[in-house]
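Chains as they are written, first to last, in the working numbering: chain A, 2 to 408; chain B, 233 to 497. Where a beta carbon is used, it is the ideal one built from N, C-alpha and C, also for glycine.
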Amino acid sequence: MGTIQVSNLGKAYKQYASRWSRLAEWLSPFDTVRHRPHWILREINFSVEPGEAVGIVGINGAGKSTLLKLITGTTQPTTGRIATSGRVAALLELGMGFHADFTGRQNVFMTGQLLGMRMEEIAELLPGIEAFAEIGDYIDQPLRVYSSGMQIRLAFSVATARRPDILIVDEALSVGDAYFQHKSFGRIREFRNAGTTLLIVSHDRQAIQSLCSRVILLDGGRVLQEGEPEAVLDHYNALLAVRQNQAIRQQLGEEGRVQTISGTSEAQIIAIGLYSAEGERVKSVRVGEQVELRVEVAVNADLPELVFGYQIRDRLGHVVYGTNTYYLDATLTEPRRGEKITFSFFFAANLGPESYSISAALHASNSHVIANYEWRDLSVVFNVVNTDRAAFVGTAWLPPRLECSRD
Amino acid sequence: MNSLLSALWAYRGFVLGSVGREFQSRYRNSLLGAAWMVLNPLSMVVVYTVIFSKLMRARLPGANGSFAYSIYLCAGVFAWGLFSEIVSNGQNVFLANANLLKKLSFPRLCLPVIVVCNALLNFGIIFSLLLLLILLLTGHLPGLPLLALIPVLILQVTFSVGLGVILGVLNVFFRDVGQSFGIIIQFWFWFTPIVYPITIVPEKIRWLLTLNPMTHLIGAYQSVLVSGKYPDWPSCLWVAAVSLLLCVLALRLFRRHAGEMVDEL
Numbered sequence: 002m003g004t005i006q007v008s009n010l011g012k013a014y015k016q017y018a019s020r021w022s023r024l025a026e027w028l029s030p031f032d033t034v035r036h037r038p039h040w041i042l043r044e045i046n047f048s049v050e051p052g053e054a055v056g057i058v059g060i061n062g063a064g065k066s067t068l069l070k071l072i073t074g075t076t077q078p079t080t081g082r083i084a085t086s087g088r089v090a091a092l093l094e095l096g097m098g099f100h101a102d103f104t105g106r107q108n109v110f111m112t113g114q115l116l117g118m119r120m121e122e123i124a125e126l127l128p129g130i131e132a133f134a135e136i137g138d139y140i141d142q143p144l145r146v147y148s149s150g151m152q153i154r155l156a157f158s159v160a161t162a163r164r165p166d167i168l169i170v171d172e173a174l175s176v177g178d179a180y181f182q183h184k185s186f187g188r189i190r191e192f193r194n195a196g197t198t199l200l201i202v203s204h205d206r207q208a209i210q211s212l213c214s215r216v217i218l219l220d221g222g223r224v225l226q227e228g229e230p231e232a233v234l235d236h237y238n239a240l241l242a243v244r245q246n247q248a249i250r251q252q253l254g255e256e257g258r259v260q261t262i263s264g265t266s267e268a269q270i271i272a273i274g275l276y277s278a279e280g281e282r283v284k285s286v287r288v289g290e291q292v293e294l295r296v297e298v299a300v301n302a303d304l305p306e307l308v309f310g311y312q313i314r315d316r317l318g319h320v321v322y323g324t325n326t327y328y329l330d331a332t333l334t335e336p337r338r339g340e341k342i343t344f345s346f347f348f349a350a351n352l353g354p355e356s357y358s359i360s361a362a363l364h365a366s367n368s369h370v371i372a373n374y375e376w377r378d379l380s381v382v383f384n385v386v387n388t389d390r391a392a393f394v395g396t397a398w399l400p401p402r403l404e405c406s407r408d
Numbered sequence: 233m234n235s236l237l238s239a240l241w242a243y244r245g246f247v248l249g250s251v252g253r254e255f256q257s258r259y260r261n262s263l264l265g266a267a268w269m270v271l272n273p274l275s276m277v278v279v280y281t282v283i284f285s286k287l288m289r290a291r292l293p294g295a296n297g298s299f300a301y302s303i304y305l306c307a308g309v310f311a312w313g314l315f316s317e318i319v320s321n322g323q324n325v326f327l328a329n330a331n332l333l334k335k336l337s338f339p340r341l342c343l344p345v346i347v348v349c350n351a352l353l354n355f356g357i358i359f360s361l362l363l364l365l366i367l368l369l370t371g372h373l374p375g376l377p378l379l380a381l382i383p384v385l386i387l388q389v390t391f392s393v394g395l396g397v398i399l400g401v402l403n404v405f406f407r408d409v410g411q412s413f414g415i416i417i418q419f420w421f422w423f424t425p426i427v428y429p430i431t432i433v434p435e436k437i438r439w440l441l442t443l444n445p446m447t448h449l450i451g452a453y454q455s456v457l458v459s460g461k462y463p464d465w466p467s468c469l470w471v472a473a474v475s476l477l478l479c480v481l482a483l484r485l486f487r488r489h490a491g492e493m494v495d496e497l
């Protein structure tokens, strides 16, 4: 139970030259084809094992939603086939089939029926749905007096009232307020731990990383990369900035981790390293130690402006801290071709004991999405060790001053 | 076919629930509620009766009793109402539920089934009202021939739903279908002996009217309700043949284009 097998899947929409040519094709007694196929997805192959959690990422228009719709059975594939085993539940469009004139309770029954549940089954699940949605007495009020957050909460509760064998989620992880987001996220996590197979489309890197063991990157309707989350997500991040003639390279870096480099190469990082206060290059840093991140940049073209930014990431790729010279109010204007620039960032490594990496980027304005000269993941890898501080947990070092009084 | 039926059966709760909700939602925010359901056709019948039998002094040839024409009219108008409700909702059913079809996976044939159930529910209420009216006006009911209306009703639903689904599928791809349907059904109404008896149509073109399946269906209601006679069964065979053909065609069209339909919505 809970497997997904996708083999040679393709989806094309029919494009007709005019409305009349469709009629001509329908009425023609011969098998004449008067349409051109417009391919959305092509040659998609992957399989998901029971209990596995797989993320799907890709820029807008890559075909993610179409893929999910094909798997849930809303649309039919043009080529290939999809085999799923077990009960599939989808969080694609929350609140589908809700009717504003009916009460929350009636809507719960309605939606449940639309999902193929029996009345008795819904009645049995109702207390749990009410409790999870936390809408109190509103359950007997018509839906039109609900706030949008309450509607979403109710919709999420109904859709996840039963644990499915396969749960398909499309950007539904961020519903409601922060409190409910934690709660809904918790429920999805709970399902996964209980053995539900997860297939998640999200732009939220953190969500994908904390849930998924494997990520599939779609681009232009094809699988561009499939594998371990960090490498695929870095590739995706690089794709986000793809513009004309940018190359994306992935190479095996230190410690066997995949390093992603992308950009136009109009400016390049020629050297980057972490240095101690004594000026020695270091791979290991003590908690709270003063360090310097030194970067040498070569400018290969006349540019309007240049910003250098970096992110410190933990082992899972979560960003612990990031900034850039734009935020630090030091954007360089009109760097000339052939110029060499050195940046030195001095900071205290107020980090918890763990392994960290630094992603560095050269771009214009405040983010790499506008003009990306170079983006380099895993450009520095270093460890923080706790040799001289009181023991603590976590990735941030926030030593408190303690006052304790006993009466 | 079997899988289609079992899928529908699995979603019976959804179908029944939808029918109930549609019924409720139609009258939910009105003061008179379900009374509107009766008031609409009743007003139509009053208008027709007053204009035709009182003002124009139209009499139903061969029928005695002053209310014969009213009953004739009611039988025709109400039976036509069932047909036109199924077909006009059917031709629009996939477009109207585009959102549901695009976002959720469920047996698509539930939608026309819901349309039929809704129409039958409305017809049931109106028809019982009509029987009550007949009882009040003439003092007696048609008796046993009334049961003959059950097969007629089945035939009528088959015919209507076949046509409705065909138009519904076509309408997704060619919106002209929906536009032209509004015009065609007007002509069709007057091309069927509902307001007038078939006997006033010149002999020469009467055969044209007998090609129209609705002539026989409406005729069956009229003969049972007005004169208490059994329907003309042989003519119903023609209707049965047409209905069967339409249903087969509808199912083929639906199966072939159901997938593409979602892409087009």
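As assigned by DSSP and simplified to three states, the class of residue i
i                 : result
PHE405 of chain B : helix
ASP138 of chain A : helix
ALA311 of chain B : helix
PRO273 of chain B : helix
ARG390 of chain A : coil
VAL282 of chain B : helix
ASN325 of chain A : strand
ASP220 of chain A : strand
PRO256 of chain B : The identity of residue 256 of chain B in the sequence shown is Gln, whereas the question assumes Pro. The answer is helix: DSSP assigns GLN256 of chain B an H, G or I state.
THR67 of chain A  : helix
GLN245 of chain A : Its pLDDT being 47, under 50, GLN245 of chain A is placed unreliably in this model, and the value from its coordinates should be taken loosely. It is coil, neither helix nor strand.
PHE423 of chain B : coil
HIS489 of chain B : helix
SER19 of chain A  : coil
PHE99 of chain A  : coil
SER48 of chain A  : strand
VAL319 of chain B : helix
LEU240 of chain B : helix
THR112 of chain A : helix
LEU28 of chain A  : helix
GLU297 of chain A : strand
Beta-carbon gap between residue i and residue j smaller than 8 Å
i                 : j                 : result
GLY289 of chain A : GLU375 of chain A : no
PHE406 of chain B : LEU28 of chain A  : no
LEU352 of chain A : ALA397 of chain A : yes
VAL270 of chain B : SER302 of chain B : no
THR42 of chain A  : GLY222 of chain A : Per the sequence shown, the amino acid found at residue 42 of chain A is Leu instead of Thr. Taking 8 Å as the Cβ cut-off, LEU42 of chain A and GLY222 of chain A qualify as a contacting pair.
PRO143 of chain A : PHE103 of chain A : yes
ILE189 of chain A : THR85 of chain A  : no
ALA54 of chain A  : SER285 of chain A : no
HIS36 of chain A  : LYS65 of chain A  : no
6 Å Cβ shell around residue i - same chain, five flanking residues per side excluded
i                 : result
GLN245 of chain A : Confidence is the limiting factor: at GLN245 of chain A the pLDDT is only 47, short of 50, which leaves the residue's position unreliable and the question unanswerable from this model.
ALA91 of chain A  : THR73 and ILE169
LEU317 of chain A : GLN210
GLN226 of chain A : LEU218, VAL233 and HIS236
LYS461 of chain B : SER455
Own chain residues within Cβ distance below 7 Å of residue i, not counting five before or after
i                 : result
VAL159 of chain A : VAL109, THR112, GLY113 and ILE130
ALA380 of chain B : VAL456, TYR462 and PRO463
Residues near residue i in its chain [Cβ-Cβ closer than 8 Å; skip 5 each side]
i                 : result
HIS204 of chain A : VAL58 and GLU172
LEU69 of chain A  : ILE57, ALA91, LEU93, ILE169, ASP171, LEU200 and VAL202
THR76 of chain A  : LYS12, THR67 and LYS70
ALA242 of chain B : PRO339
VAL494 of chain B : LEU333 and LYS334
ALA365 of chain A : LEU304, PRO305, GLU306, LEU307, VAL308, ILE371, ALA372 and TYR374
Cβ-heavy atom distance, residue i to the ligand ZN, below 7 Å
i                 : result
GLU297 of chain A : Among the components modelled here there is no ligand, and therefore nothing to report on the ligand ZN.
Where residue i meets chain E, residues with beta-carbon distance less than 9 Å
i                 : result
PHE326 of chain B : No chain E is present in this structure, whose protein chains are A and B.
ask   = What are the uninterrupted segments assigned as alpha helix (DSSP H) that are 4 or more residues long and contained completely in the segment 329–402 of chain B, given in chain order?
value = Fully enclosed alpha helix (DSSP H) runs of 4 or longer: 330–335 and 342–370.
request  = May I ask you to verify whether the segment 310–318 of chain B touches the segment 462–475 of chain B, counting CB pairs closer than 8 Å and requiring at least 3?
outcome  = no
query = Counting only runs that start and end within the segment 434–474 of chain B, where is the alpha helix (DSSP H) found for 4 or more residues in a row?
reply = 435–443 and 445–459
key: Unbroken stretches of the alpha helix (DSSP H), 4 residues or longer, contained in the segment 125–210 of chain A   = 149–160 and 179–194
key: Validate contact between the segment 318–334 of chain A and the segment 266–284 of chain A using beta carbons, cut 8 Å, 3 pairs   = no
ask   = Counting pairs of beta carbons, one from the segment 370–385 of chain A and one from the segment 341–359 of chain A, are three or more of them closer than 8 Å?
value = yes
message = With three or more beta-carbon pairs closer than 8 Å as the criterion, would you say the segment 482–489 of chain B touches the segment 390–399 of chain B?
response = yes
inquiry  = So, does the segment 343–350 of chain B touch the segment 245–260 of chain B, judging by three or more C-beta pairs under 8 Å?
reply    = Of all C-beta pairs linking the segment 343–350 of chain B to the segment 245–260 of chain B, three or more are shorter than 8 Å, placing the two stretches in contact.
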